[in-house]
Every structure is written in C-alpha cells, then in structure tokens.
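Enquirer: Those protein sequences? They're chains A and B, same order as listed. Residues 1 to 345 in the numbering used here are what the first sequence spells out, letter by letter. Residues 346 to 588 in the numbering used here are what the second sequence spells out, letter by letter. A virtual CB, placed ideally from N, CA and C, is assigned to each residue, including glycine. All values derive from a computational prediction rather than experimental measurement.
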Amino acid sequence: MNPVLVLGGGPAGLSAAAELAALGAPTLLVERESYLGGNPQRWHYSLLAPDLRPAQEVMGPLLSRVENHPSIERRLSTSVVRAELRPKGYQVVLKTQDSTETRDVSAVVLATGFDHFDSRRKYEYGYGRYPDVLDFKEVEQMLHEDRVVRPSDGKPPRRIAWILCVGSRDVQVGNPWCCRMGCVVSIKQAVEVRQRHPEIDAYVYYMDIRTYGLWEDLYWKSMQEYGVKFVRGRIGAVTLAEGGSRLIATGEDTILSRPTEVPFDMIVLASGMEPGTGTKEAATLFGVPVGPEGFLTPRVSDLNPVDSGLPGLFFAGAATGPKAIPDAVTEGMGAALRAFQYARL
Amino acid sequence: MPIVEKSLVEVDRKEHLEVEGIDVSGDWNTFLRSRVQTDLDVRVVDWVKGQPQGETISRCWQCGTCTAGCCMHTDYGLTDFNPRYFIYLAQVGYEEELRRYASTIWRCVSCNKCVERCPKGVKVEEVVHTIGTYLTLTGAAAESPADRFDRAYTENLLARGVLDEAALFRTYERLEGRKTPAKKLLSMGLSLLRTGRLHTGPLAHRTRGWRRMRTVLEAQLAEDERRRKGALAPATPAAGGNR
Ligand code: SF4
Ligand code: SF4
Ligand code: SF4
Chain A
1 MNPVLVLGGG PAGLSAAAEL AALGAPTLLV ERESYLGGNP QRWHYSLLAP
51 DLRPAQEVMG PLLSRVENHP SIERRLSTSV VRAELRPKGY QVVLKTQDST
101 ETRDVSAVVL ATGFDHFDSR RKYEYGYGRY PDVLDFKEVE QMLHEDRVVR
151 PSDGKPPRRI AWILCVGSRD VQVGNPWCCR MGCVVSIKQA VEVRQRHPEI
201 DAYVYYMDIR TYGLWEDLYW KSMQEYGVKF VRGRIGAVTL AEGGSRLIAT
251 GEDTILSRPT EVPFDMIVLA SGMEPGTGTK EAATLFGVPV GPEGFLTPRV
301 SDLNPVDSGL PGLFFAGAAT GPKAIPDAVT EGMGAALRAF QYARL
Chain B
346 MPIVEKSLVE VDRKEHLEVE GIDVSGDWNT FLRSRVQTDL DVRVVDWVKG
396 QPQGETISRC WQCGTCTAGC CMHTDYGLTD FNPRYFIYLA QVGYEEELRR
446 YASTIWRCVS CNKCVERCPK GVKVEEVVHT IGTYLTLTGA AAESPADRFD
496 RAYTENLLAR GVLDEAALFR TYERLEGRKT PAKKLLSMGL SLLRTGRLHT
546 GPLAHRTRGW RRMRTVLEAQ LAEDERRRKG ALAPATPAAG GNR
C-alpha cells in the first residue's frame, strides 16, 4: 500500500498521522516549516482555553505520538508543488530547498490550517507602529515566558485593553466571518494576567461575546473571580497620548451612548483566522472548491465534514474554517479513518 | 470638536439680570461640556465588590432582564431609574455619569423582582443599594430620607434595646424638619394604640443586660463604619490625570 499523505503538521495533521499509523497505514507527513506543531508551536501558545491547560500538555503527546512512530515518514521544510489524480490516489511532487521528489500516495489528508490575520492591515489600530499595541499571539508568548511588560519601556502595564474581532466580522478587510477563538482566547489571557498580576486592570472591548457551548464558564469566571471588565463597543482607532507613553483607545461605549477616549498602557488585538497560505496553495493544487471566504469546502459539511467529495481527498482542521484544537484533533481522527478506508479498497 | 448632547445641559434662565449696570439676562449655564468619556475608574466597583451586599456586581452582563421587570422603571415609569445601567456605570468605572443618578438611585422599593429574574445571579437590589451607599459616602448624594430614617431607627433601638416608636417618630420629624400638629398627632397615636399597631417599647418592656450588649454593638458598628469609609479613601491619585 502506498503511504497516505498528510499535508500539514499542526494539531489536525498530527492527529491524522498518528491515527493512520495506529490503523497500520504507512503515512507520509509533509510540513512546510522546519518543525511540527503548527500555529500553537509557532506562536508558543501559553495556556489553552477554556481549561487553562498548558499548551505543551496537549502538543507534547500529539507530537510524541508522531515522532516516535516507525511507520510515519516525516518530511519537514517540504512543500507539495504538484499533484495529479491517479486511478488510485495521487502522484505528488515534494520539494525541499535543494531537491524534488515524485511520490505515489494512496490518499491525501489536507490539514493545511489557518494563518492569523495580519493586524497591520487594520492600520487604524497602530499595530506595527506603536510597540505597545500587541497581537494576541504575541501576548501568548509573553504569558508563556511569564513576563507581562510594555515592549516600549519594559515597564509593567497598569491597564490593558483587549480589542476583539480584529480582522474578523469586518468587510473592510474582506473577512466577514467570526474567528470563533478570539473571545475565549482574549478572555483567557485577561484571566491569566489578572491571576498573576491582580494590580493590572483588564478591559475587553466587544460587540458580542462568543464563548460558545461550555466555554461560557470561563467567561463567567473571568468576571466573577477575576474582575475582568467588559465594555460594549468596537474601538475605532488607537492613537498615542500626548506626551507619548500611553495609548488612547477611541471608540463609542454603546451602552453609555457616548464617545470614549480612554488611556491604556497596552492594547491587545484579537486577530482573526484566515485560510493559511498552505490551504490556499492546496486548494489550487488539488482543485478543491473553496467558499467565498477562501476556506476549503467539504461537499456536504453537515453530513461529513472531512470529505472533500473528490476521490481520495480528505480535510481536517482549520483548513475548512476557524476551529479550536479539540475540533481539529477530532477531525484529524475522522479524516484518518476515511482516508484509510479509501486507501485500503 | 467634542460631541455634545444638548439634553444634558441644564439651562439656567435669568430673565432680568444686571451686573454693574450691564444687562446680562438670558440663558446661563449653556457652555457645553464635552461628552467624551476620558477615563475609567475601578475604585467604584472595587469598593462595591468589597461590601457583603455588593459582591455579585461583577457578574452582570447587561442583559436588561432586571430593568425590564423593575417596578420603578417599568411599572412606575421612572425611566431614569435603571438598575442595569447603574451597574454598568459602576462596573466599568464611569463615576461621573453615575453621579448624575445620585438622587434617583434611591428610588428602589426593594420588591426583589430583579433578584428573582437575573440570569446571572446578581443580587441586583442589594447591589443597587450598595452603589447608592457609595454615592452617599463619597458625597455625591445627599443623605436620603431613607438614610436618615435608618439612622434614627438604629439610634433608637440602641438606646434601650427595644424600639420606642413614639420617640422614633419624634426624632425622625426633627431630622426631616417636619412638624405634625399636636392634635393630629394625638388622634393618630390613639387610634394606632387602640388597634395595637403602636408599640410603646421601653414603657412595657425591658431588655435585660442591655448596657453590656450595647457596648459590644456600638463597638462593632463603629468598626463597620470605619471599614466602610476607610476603604473609600481615594486609592491611587490620578497618574498624570490619565487614570
Ligand atoms: S470569536 Fe469573538 S473575537 Fe473572534 S470574531 Fe467571533 S466574536 Fe469576534
Ligand atoms: S428591587 Fe428595586 S431595582 Fe429591583 S425590581 Fe424592585 S424596585 Fe427595581
Ligand atoms: S438581570 Fe442581572 S445580568 Fe441582566 S442586566 Fe440585570 S443585573 Fe445584569
């Protein structure tokens, strides 16, 4: 049996590869970066919402299942540059910096994931211009290193604002969808900050709080136990205060019905999720239909969210839309099963 | 140019006013203050949260269920009395806006419908009263008649360990600067006595060992008061006016 190709080494791809190997299928895991683990690894996620479990406790076992398995062939810093449908599976061309190689695979799982929205595109928030405007994935790293300070002067902030829906639910940047994660991750960060530094005031600016399902619990706790404050309204712009050290968030408090210009020491942007570069490339390579948002579209997403509808081609994780790690892992399992059934026929 | 809201301006109309021979009649007080909210102050919510009756304040997520059923707001039609809004102002830290409601916030009749209905388990009635207390203690609200009555009641009870309703009535009248005509007082007193609704307190009842008890209670009340006010001492002065 030719190996099953898993494209992408994030949570979904790792999960798919591990399950395929457990089913006894030879597996070829291809990752464009030089490391496995995807976005959580790349941005050094700190604690995972909503259980506040260290990301390493989740990523560690996922990685070790793949790294130690003899029937998983891992190819890092490698991309697929060509793919052709064969009577059984695909023929793909793998490319590294200095070599190309043609391989036959019996089925393909696309686990090509998402990219965080580039907050510079929301220029009015000053990301990239003001050092104390941070993207929330940078705050993950800060929390991971347990060092909450203003990048501009290394001083601890006294008041932090989180701005939700940055690059999501916004036609101006062409991303009308909801990122699903921004709320819960921001709230989690605010909780982490308050847990460690109760002297820092934490404000979340929101239009809606979408901590769906059981995540609601963290939202409630953040208010009740950690005193995180929620202000309704979307910040319109961030400027530098006179004198130059604090930031001013200009917005409307829509409950107060009044404009607000409030100083903060640090502002954190909950940047959205976009189809990853790898996802866009894979869509072209494999001729997969994409929705208006640019994510891969399962043929009948209600019935089988991991089936592309094309022969031998399956999806897992955030390649089909914003997704949390547990969902990505589950889809990795589903896609592994479906790919295995196809490959074995 | 700040955005301003005319309805927030209280016009002071001077029909005929002359200063040093110059006619300055007209609308005074029409300088418009900026409506831009430039700060957040966590001291209000910190204090409210620190009171036993106020600790549920931070649960509120502004759904409006409380206000929707509030006797004062909905049934009585006092739309300025909006428990949800008071909570938001305190929670987020818009103290100045909150002060505008210093004389309204006391209108709660403690029907507790809000507490029954709040999906987040906010003890709305208690929280609203606690916010009101904050406003009184910080001098934003004059002491309300209810406050004065509470004070008179406590002092009356403390004196002998049993309520002297006639004395309470007299004290309260004095505090309010009111005087009911003696004739009316007498007939009212008599009919209350006849129907058993006026309790003569110390005339008919003694509380044994009250002196000792009172010492303990007074010490405790003084301690409570000290703590209440102590926590209010302005925490951090504005850092460069920006906090
Ligand atoms: S999850 Fe929250 S932050 Fe993200 S787009 Fe949806 S509402 Fe906005
Ligand atoms: S207890 Fe007070 S605030 Fe609550 S519903 Fe009744 S009047 Fe309104
Ligand atoms: S019902 Fe409860 S949660 Fe809703 S606005 Fe009132 S106090 Fe807040």
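1) Does chain B have any CB closer than 9 Å to the CB of Arg232(A)?
2) Could one say the Cβ of Asp384(B) lies closer than 9 Å to chain A's Cβ atoms, at least one of them?
3) Can you name the residues of chain A whose CB is closer than 7 Å to the CB of Glu442(B)?
4) Put Gly371(B) into one of helix, strand or coil per three-state DSSP.
5) Output yes or no for whether 9 Å exceeds the beta carbon distance between Gly126(A) and Gly272(A).
6) For Tyr205(A) versus Gly251(A), is the C-beta spacing smaller than 9 Å?
7) Of all the CB atoms in chain B, is at least one closer than 9 Å to the CB of Tyr203(A)?
8) When you get a sec, list the residues whose CB is within less than 7 Å of any heavy atom of ligand 3, chain order please.
9) Taking C-beta pairs closer than 9 Å, name the residues in chain A that Gln407(B) reaches, listed in chain order.
10) Give the DSSP-derived three-state secondary structure of Phe431(B) in the structure shown.
11) Does DSSP put Met273(A) in a helix, a strand or coil?
12) Please work out which residues of its chain come closer than 6 Å, Cβ to Cβ, to Phe426(B), disregarding the five sequence neighbours upstream and downstream, and give them in chain order.
13) Between Ser403(B) and chain A, is any beta-carbon pair separated by less than 9 Å?
14) Which chain A residues are close to Arg598(B), counting only those with a beta carbon under 7 Å from its beta carbon?
15) Would you report the Cα separation of Arg542(B) and Thr499(B), rounded to the nearest angstrom?
16) Among Pro547(B), Ala527(B) and Glu363(B), which one has its Cα closest to the Cα of Gly506(B)?
17) Beta-carbon of Lys394(B) versus every beta-carbon of chain A: anything under 9 Å?
18) Tell me whether Leu164(A) counts as near ligand 1, meaning its Cβ is closer than 8 Å to at least one heavy atom of that ligand.
19) Of all Cβ atoms in chain A, is any one closer than 9 Å to the Cβ of Met346(B)?
20) So which residues on chain B does Leu223(A) lean against when the C-beta distance must stay under 7 Å?
21) Where does the unbroken alpha helix (DSSP H) through Lys155(A) begin, and where does it stop?
22) Is Glu347(A) helix, strand or coil when you go by DSSP?
23) Go ahead and label Pro526(B) buried or exposed: buried means 16 or more other beta carbons lie within 10 angstroms of its beta carbon, across all protein chains shown.
24) Do you know offhand how far Val262(A)'s Cα is from Val148(A)'s?
25) Would you mind listing the beta strand (DSSP E) stretches within the stretch 204-244 of chain A that are 3+ residues and don't spill past its ends, in chain order?
26) Suppose the cutoff is 8 Å on Cβ atoms and the five residues either side in sequence are ignored; what does the same chain contact list for Tyr158(A) look like?
27) Does DSSP classify Arg65(A) as helix, strand or coil?
28) Around the C-beta of Glu360(B), are 16 or more other C-beta atoms found within 10 angstroms, so that it is buried, or is it exposed?
29) Whole angstroms is fine: what's the gap from Thr279(A)'s alpha carbon to Gly294(A)'s?
30) Measure from the alpha carbon of Ser99(A) to the alpha carbon of each residue in Ala283(A), Pro87(A), His116(A) and Val80(A), then state which is nearest.
31) Kindly indicate the opening and closing residues of the beta strand (DSSP E) around Leu513(B).
32) Determine the closest residue to Gly89(A) out of Arg75(A), Ala107(A), Ser34(A) and Gly154(A), with distance taken between C-alpha atoms.
33) For Met59(A), which of Ala335(A), Ser15(A) and Pro292(A) has the nearest alpha-carbon?
34) Rounded to whole angstroms, how far is the Cβ of Arg232(A) from the Cβ of Thr254(A), which I believe are closer than 8 Å?
35) Taking only beta-carbon atoms, is Gln398(B) less than 9 Å away from chain A?
36) Would you decide whether His116(A) is buried or exposed? Buried here means 16 or more other CB atoms lie within 10 Å of its CB.
Expert: Based on what the coordinates show:
1) yes
2) yes
3) Leu256
4) strand
5) no
6) yes
7) yes
8) Arg404(B), Cys405(B), Trp406(B), Gln407(B), Cys408(B), Gly409(B), Thr410(B), Cys411(B), Thr412(B), Pro428(B), Arg429(B), Ile432(B), Cys459(B), Arg462(B), Cys463(B), Pro464(B), Lys465(B), Val467(B) and Val469(B)
9) Phe230, Arg232 and Ile255
10) helix
11) strand
12) Met417, His418, Thr449 and Arg452
13) yes
14) There is simply no residue 598(B) to check, as chain B begins at 346 and stops at 588 in what is shown.
15) 20 Å
16) Pro547(B)
17) yes
18) yes
19) Because Met346(B) sits at a pLDDT of 38, beneath the cut-off of 50, its placement in the model cannot be relied upon, and the following sentence gives the value as read from the coordinates. No - not a single Cβ of chain A is within 9 Å of the one on Met346(B).
20) It should be noted that the sequence gives Met, not Leu, for residue 223(A). The contacting residues are Ser403 and Arg404.
21) Neither: Lys155(A) is in no alpha helix (DSSP H) and is coded neither H nor E.
22) No answer is possible for residue 347(A): the residues shown for chain A start at 1 and end at 345.
23) exposed
24) 21 Å
25) 229-232 and 237-240
26) With the sequence shown as reference, residue 158(A) is identified as Arg, and Tyr is not the correct amino acid for it. Only Glu199, Ile200, Asp201 and Asp265 meet the Cβ criterion.
27) helix
28) exposed
29) 9 Å
30) Val80(A)
31) Here Leu513(B) belongs to no beta strand (DSSP E); instead the alpha helix (DSSP H) covers Glu510 to Glu521.
32) Ala107(A)
33) Ser15(A)
34) 5 Å
35) no
36) buried
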